[in-house]
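**Student:** In order, the protein sequence lines correspond to chains A and B. In case it helps, the working numbering puts the first sequence at residues 220 to 708. In case it helps, the working numbering puts the second sequence at residues 220 to 708. Ideal placement from N, C-alpha and C gives every residue a C-beta, glycine not left out. Here's a structure for you.
Protein chains: 2
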Amino acid sequence: MSSTLTRRQLVGAGAAGAALLATGAVPARAARSRTRRADVCVIGAGLSGLTAARALVAADRTVVVLEARDRVGGRTLNASLGGGRVAELGGEFAGPTQDRILALARAVGVKTFATYNAGSNVQVAAGVRSLYAAVPGIPTDPEVLAGLATVLKLDALAKEAGVVAPWKAKKAREWDRMTLGDWVDAEIPSVRARAIVTAAAEAIWGADPSDLSLLYALQYIAAAGDAKHAGGFLRLINTAGGAQEQRFVGGSQLISERVADRLGKRVVLRAPVRTIAQADDGVSVLADTISVHARQVIVAVPPALAARIAFAPKLPKGKAALLKGFEGGTMAKVEAVYPRPFWRDAGLSGQGVADVGPANTTFDNSPPDGSLGVLLGFVGGSSYRRWATLPAEQRRAQVLASFAAFVGDEARSPTEYVERNWAEERWSRGCPVAHTPPGLLTRYGQWLRRPVGRVHFAGSETSDYWIGYMDGAVRAGQRAAREVVAAQH
Amino acid sequence: MSSTLTRRQLVGAGAAGAALLATGAVPARAARSRTRRADVCVIGAGLSGLTAARALVAADRTVVVLEARDRVGGRTLNASLGGGRVAELGGEFAGPTQDRILALARAVGVKTFATYNAGSNVQVAAGVRSLYAAVPGIPTDPEVLAGLATVLKLDALAKEAGVVAPWKAKKAREWDRMTLGDWVDAEIPSVRARAIVTAAAEAIWGADPSDLSLLYALQYIAAAGDAKHAGGFLRLINTAGGAQEQRFVGGSQLISERVADRLGKRVVLRAPVRTIAQADDGVSVLADTISVHARQVIVAVPPALAARIAFAPKLPKGKAALLKGFEGGTMAKVEAVYPRPFWRDAGLSGQGVADVGPANTTFDNSPPDGSLGVLLGFVGGSSYRRWATLPAEQRRAQVLASFAAFVGDEARSPTEYVERNWAEERWSRGCPVAHTPPGLLTRYGQWLRRPVGRVHFAGSETSDYWIGYMDGAVRAGQRAAREVVAAQH
């Protein structure tokens, strides 16, 4: 029992609680030396920073990775279910065109398995519960499907926006002046369809359509692909053929742990960086517990955390404004554990979407062998903001009511119940990704990936493809490492 | 070479040519005795008749199956590609909720494999070629997807119509007065979307929307499911999660051949039935080469063939009118063979849909190991009627031009090219299924499955679920066998 989730361990766990949750426990790597020298200092031991460090070591660079938390993995996090089984409380899915995260997982011996995706998905809208096939996973409610057809018009606009410099697109100003919500309100007459689009947005961005610059949404859709496959909205929302198609055996955090293990003492935990001071001959990075002098730095943390680091000299105004202007997604991942994935017996996939929250999208998050049932829900955007203020008992009751609406009353009696409120995580400040409100990208987007002197920027938000996903984190880390290697030639 | 397809063997082969094409050649079972007695005489050794016979033998009935052709399998037909590989020229796909055909295949040791479904599907519409992911296989052209969303409104109407007695539905008369085309024209403004819906209908029914009673289309959609899963249009058109998801190793006809092998001398080939004469104590079935005296008869042939049998006494007027009123689908299956499935290298699934024919829908029909490339196209409905009148060389050129539009110019140079014009098959008179024009179902639908004295009716057209599919053939055969067993108690 002691190795299974308990409410005490998990509910509302902050940075400290996170340590309790980490499995495959990463050995503490507190530095003995208070000062280190390296070719490169990487800030953040999430997937992006670890990937950058790995690439730099492969290029024969000396590296120190500074991580604020006492664990690696950033916005990925495994929780033990006992018996070696885990459920992820952070990013966990992968799919077609996400070749970089899949290749990294393979390289460190982490296998994938198919997200449970058989039987029927459930839609709850306007008080009516209806079923549609998990494969292909397309809602068959004509009103909602017509709304989806309208949303897919964004794919063509996304292609115009592109992944490299959407702020330079011909219509960039027009698109950045409005929100995705403005566009949806103008284009989709059905209240029901708009509510389902909102639920999807809350799961994708931890934000409502009315929070997001349309230009940013277009960039994000364009990014849902790779150099050979144009991005598309369907790839964001689909399980079969989409970004939720696969999961990682042992949990997604295992990838970061394995990479960190190979980096060994290069990774320093419990080292929150406060200051980055650039001089002609190098950069000094001052953390609470350690100082690193390096030739180059890669900042591989979310924008809100980068904005909190003191830079000397100060960052250019545009760069600072961009980092500060990004808004972290507000999202909790909620999970309930049952003796069995009982919904499977009823022909349900465990996937659902609803026009009311709090948990308005769900997935079957059971371990590969189905020996336990885990149902996961996303509570994002305005659904999160309403729900997060409630007392714990009410939050739980509302989530389980959401689950019950999807898969039946048995959902009301889990053996365990877990919340992970990523918006409250001091060292993430939002999940799954930070977005830009109207006006920011056209004004400051040019700074997104631009290095400032010896300081380079990674993190999933700076990727070309798969922004906001583990794959984007890997891509951005690889790109920043390439920049640094080029700079050091 | 002698075992591979040649144009001489295959192009426009009629009933006689069919024999050349059958692989796993069924031993001739010409009866030595000119008269036989049996508990049951089954007419037609397609999947429906063979299934009925199999069920009756299991229930300890003596059975004779009379088949007009010199092969079994009805609207399924294997063609040899050499090296033990086959391509089907008739019905070949199966998918979720088609449990009966899948169970029958398992029972006779025929395995399934997944239809090739990776990479991108192609849409060609208004002269523009665009790609969309094979999984989920949903067109992302917003105009076409909006059209699909509209078509899916039919799912709800189909539920009202039901599978048992759609002619009794509240709105049956309204729906049977109009065609599916009338409904589509009224509901879908986009010319492009209507053309894609037409292409889908031509592949599903071998008919245009304007040929089909809306009520019939609703019954057919309702039938695309099972007792636990409501029917739906998506299940008709999808590969992943739909009716095209799986294929049979060794070719679909192998199932019939295996069942026939077990029935042994009970199956009599080259025995076209001309007359069914009922008396108080039994039924006499008179075929060209044999007479059978039985206690009960199961007619397991398409309606157009049943209508050509002389009944004594005459069939009730309603029954005769129904059989005569059914219209066989006009469809050819066209296939081109290449040294390799070259489209796969280009990231294409081989699946395409176009707003112009003749081959306006395609699939990858390669053998499981991909050692040869086979592209199949459906030429149905009005596309068929225009195309079928052309000289052979023009038919071939037009089909290969369709293929090239989907997968590139390499498609213009196949090593083999095959057509199977099912509408011209004397012992099928249409493919894949017969449909009803407006007015027929409400007037005569009550006769669809009703026995006439000692004569019972099977065939896929009489099934409750999966009308027009191999699964429906099996279901109808099982139902007719149950009726007969009950009648003989």
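Determine the DSSP secondary structure at B:Arg294, reduced to helix, strand or coil.
**Tutor:** For the purposes of this step, residue 294 of chain B is taken as residue 75 along the second sequence, with counting starting at 1. Coil, per DSSP.
**Student:** Closest to B:Thr683 by C-alpha separation, out of B:Val284, B:Thr295 and B:Gly450, would be which residue?
**Tutor:** Within the second sequence, numbered from 1, the residue matching residue 683 of chain B stands at position 464. It should be noted that the sequence gives Asp, not Thr, for residue 683 of chain B. Checking every option, the nearest Cα to that of B:Asp683 belongs to B:Gly450.
**Student:** Is it right to say B:Ser267 is buried, meaning 16 or more other beta carbons lie within 10 angstroms of its own, or is it exposed?
**Tutor:** In the second sequence, the residue the question calls residue 267 of chain B occupies position 48. So B:Ser267 counts as buried.
**Student:** Looking at the unbroken beta strand (DSSP E) that takes in A:Lys552, where does it start and where does it end?
**Tutor:** Residue numbering aside, residue 552 of chain A sits at position 333 when the first sequence is read from its first letter. Element bounds for A:Lys552: Met550 to Tyr557.
**Student:** Is the number of C-beta pairs between the stretch 530 to 540 of chain A and the stretch 403 to 420 of chain A that are closer than 8 Å three or more?
**Tutor:** Because the criterion of three Cβ pairs below 8 Å is not met, the stretch 530 to 540 of chain A and the stretch 403 to 420 of chain A do not touch.
**Student:** Pick from A:Glu476, A:Thr634, A:Ala578 and A:Asp500: whose alpha carbon is nearest that of A:Gly328?
**Tutor:** As a working note, residue 328 of chain A is residue 109 in the first sequence. Nearest option by C-alpha distance: A:Glu476.
**Student:** How big is the Cα-Cα spacing for A:Arg712 and A:Thr508?
**Tutor:** No answer is possible for residue 712 of chain A: it lies beyond the span of chain A, which begins at 220 and ends at 708.
**Student:** Quick one: list the residues of chain A neighbouring B:Lys447, beta-carbon separation under 8 Å, in chain order.
**Tutor:** Working through the second sequence from its first residue, we reach residue 447 of chain B at position 228. Those within 8 Å of B:Lys447 in chain A are Gly566.
**Student:** Is A:Arg454 close to chain B? Criterion is C-beta to C-beta, closer than 9 Å.
**Tutor:** By 1-based counting over the first sequence, the position of residue 454 of chain A is 235. Judged by the 9 Å Cβ criterion, A:Arg454 is in contact with chain B.
**Student:** Determine the direct distance from the alpha carbon of B:Pro355 to that of A:Val703, and round the result to whole angstroms.
**Tutor:** Here residue 703 of chain A refers to the residue found at position 484 of the first sequence. Here residue 355 of chain B refers to the residue found at position 136 of the second sequence. In a straight line, the C-alpha of A:Val703 is about 40 Å away from that of B:Pro355.
**Student:** According to DSSP, B:Cys260 sits in a beta bridge with which residue or residues?
**Tutor:** Your numbering for residue 260 of chain B matches position 41 in the second sequence. Its beta-bridge partners are B:Val283 and B:Val516.
**Student:** What distance in whole Å lies between the Cβ atoms of A:Ala706 and A:Ala695, which are believed to be in contact at a cut-off of 8 Å?
**Tutor:** Walking along the first sequence from the start, residue 695 of chain A turns up at place 476. Walking along the first sequence from the start, residue 706 of chain A turns up at place 487. Between A:Ala706 and A:Ala695 the Cβ distance is about 16 Å, and since that is not below 8 Å, they are no contact.
**Student:** Please determine, among A:Leu296, A:Ala271 and A:Arg485, the residue with the shortest C-alpha to C-alpha distance to A:Val511.
**Tutor:** Start at 1 with the first residue of the first sequence, and residue 511 of chain A comes out as number 292. It is A:Arg485.
**Student:** Residues of chain B with CB under 7 Å from A:Pro361, in chain order?
**Tutor:** What you label residue 361 of chain A is simply residue 142 of the first sequence in a count that begins at 1. The answer, in chain order, is Ala368, Thr369, Leu371 and Lys372.
**Student:** When you compare the stretch 518 to 533 of chain A with the stretch 306 to 320 of chain A, are there three or more beta-carbon pairs, one atom per stretch, that lie closer than 8 Å?
**Tutor:** Too few Cβ pairs lie closer than 8 Å, so no.
**Student:** Say whether the stretch 312 to 323 of chain B touches the stretch 454 to 473 of chain B, bearing in mind that this needs 3 or more beta-carbon pairs closer than 8 Å, one atom from each stretch.
**Tutor:** With a cut-off of 8 Å, the stretch 454 to 473 of chain B and the stretch 312 to 323 of chain B count as touching, because enough Cβ pairs lie within range.
**Student:** With a threshold of 16 other CB atoms inside 10 Å of the CB of B:Lys447, please say whether the residue is buried or exposed.
**Tutor:** For the purposes of this step, residue 447 of chain B is identified with residue 228 of the second sequence, where counting begins at 1. It is exposed - the Cβ of B:Lys447 has fewer than 16 other Cβ atoms within 10 Å.
**Student:** Per the contact definition of three or more C-beta pairs closer than 8 Å, is the stretch 631 to 651 of chain B in contact with the stretch 659 to 676 of chain B?
**Tutor:** They do not touch, by the three-pair rule.
**Student:** Check whether the stretch 595 to 604 of chain A touches the stretch 561 to 580 of chain A, counting contact only when three or more Cβ pairs, one atom from each stretch, lie closer than 8 Å.
**Tutor:** A contact exists between the stretch 595 to 604 of chain A and the stretch 561 to 580 of chain A.
**Student:** Helix, strand or coil: how does DSSP classify A:Ala278 here?
**Tutor:** Residue numbering aside, residue 278 of chain A sits at position 59 when the first sequence is read from its first letter. The answer is coil: DSSP assigns A:Ala278 none of H, G, I, E or B.
**Student:** As a quick exercise: from B:Glu393, B:Ser568, B:Thr281 and B:Ser585, pick the residue whose alpha carbon is nearest that of B:Leu300.
**Tutor:** By 1-based counting over the second sequence, the position of residue 300 of chain B is 81. Nearest of B:Glu393, B:Ser568, B:Thr281 and B:Ser585 to B:Leu300, Cα basis: B:Ser585.
**Student:** Flag this pair as yes or no: are the beta carbons of B:Ala264 and B:Leu488 separated by less than 9 Å?
**Tutor:** Along the second sequence, read from residue 1 onward, the residue named residue 264 of chain B stands at position 45. Along the second sequence, read from residue 1 onward, the residue named residue 488 of chain B stands at position 269. A contact, by the Cβ cut-off of 9 Å.
**Student:** Across which residues does DSSP place A:Asp500 in a beta bridge pair?
**Tutor:** Taking the first residue of the first sequence as position 1, residue 500 of chain A is located at position 281. Looking at the DSSP assignment, A:Asp500 forms no beta bridge with any residue, so it has no partner.
**Student:** According to DSSP, A:Phe582 sits in a beta bridge with which residue or residues?
**Tutor:** As a first step, residue 582 of chain A must be located in the first sequence, where it is residue number 363. A:Phe582 is bridged to A:Leu595.
**Student:** Are the C-beta of B:Ala380 and some C-beta of chain A separated by less than 9 Å?
**Tutor:** Working through the second sequence from its first residue, we reach residue 380 of chain B at position 161. No, no contact with chain A.
**Student:** Thinking C-alpha only, which one of A:Arg701, A:Ser503 and A:Asp445 is nearest A:Arg255?
**Tutor:** Residue numbering aside, residue 255 of chain A sits at position 36 when the first sequence is read from its first letter. Considering only alpha carbons, the answer is A:Ser503.
**Student:** State the Cα-Cα distance for the pair B:Gly470 and B:Ile320, rounded to the nearest angstrom.
**Tutor:** Along the second sequence, read from residue 1 onward, the residue named residue 470 of chain B stands at position 251. Along the second sequence, read from residue 1 onward, the residue named residue 320 of chain B stands at position 101. Straight-line Cα distance between these residues: approximately 13 Å.
**Student:** If the cut is a Cβ gap below 9 Å, which residues of chain B does A:Pro428 touch?
**Tutor:** For the purposes of this step, residue 428 of chain A is taken as residue 209 along the first sequence, with counting starting at 1. Under the 9 Å cutoff, chain B gives no residues; its nearest Cβ is about 17 Å from A:Pro428.
**Student:** Name the DSSP bridge partner or partners of A:Leu350?
**Tutor:** Reading the first sequence from its first residue, position 131 is the one you call residue 350 of chain A. DSSP lists A:Val341 as partners of A:Leu350.
**Student:** Going by C-alpha to C-alpha distance, which of A:Phe545, A:Val618, A:Gly627 and A:Tyr351 sits closest to A:Gly687?
**Tutor:** For this step, residue 687 of chain A is matched to residue 468 along the first sequence. Per the Cα distances, A:Phe545.
**Student:** Could you name the residues of the same chain whose beta carbon sits closer than 6 Å to that of B:Leu691, not counting the 5 residues immediately before and after it, in chain order?
**Tutor:** Position 472 of the second sequence, counted from the first residue, corresponds to residue 691 of chain B. Sequence inspection shows Gly at residue 691 of chain B; the Leu mentioned does not correspond to that position. Within the same chain, B:Gly691 has close Cβ partners Ser679, Ser682 and Trp685.
**Student:** Please identify the residue among A:Ala479, A:Thr334 and A:Gln438 whose C-alpha is closest to the C-alpha of A:Gly380.
**Tutor:** For this step, residue 380 of chain A is matched to residue 161 along the first sequence. For clarity, residue 380 of chain A is Ala in the given sequence; the question names Gly instead. Closest by alpha carbon: A:Gln438.
**Student:** Please decide whether A:Pro657 counts as near chain B, where near means a Cβ-Cβ distance under 9 Å.
**Tutor:** Position 438 of the first sequence, counted from the start, is the residue given in the question as residue 657 of chain A. Not closer than 9 Å to any Cβ of chain B, the Cβ of A:Pro657 fails to qualify, so no.
**Student:** So what does DSSP say about B:Ala506, is it helix, strand or coil?
**Tutor:** Counted from its first residue, the second sequence places residue 506 of chain B at position 287. It is a strand residue.
**Student:** So if I threshold CB-CB distances at 8 Å, which residues from the stretch 517 to 533 of chain A count as touching chain B?
**Tutor:** Within the stretch 517 to 533 of chain A, no residue has a Cβ that lies closer than 8 Å to any Cβ of chain B.
**Student:** Taking the alpha carbon of B:Asn457 as the point to measure from, which residue in B:Ala529, B:Ala699, B:Phe312 and B:Phe332 has its own alpha carbon closest?
**Tutor:** On the second sequence, position 238 is the one that residue 457 of chain B refers to. Nearest C-alpha to B:Asn457: B:Phe312.
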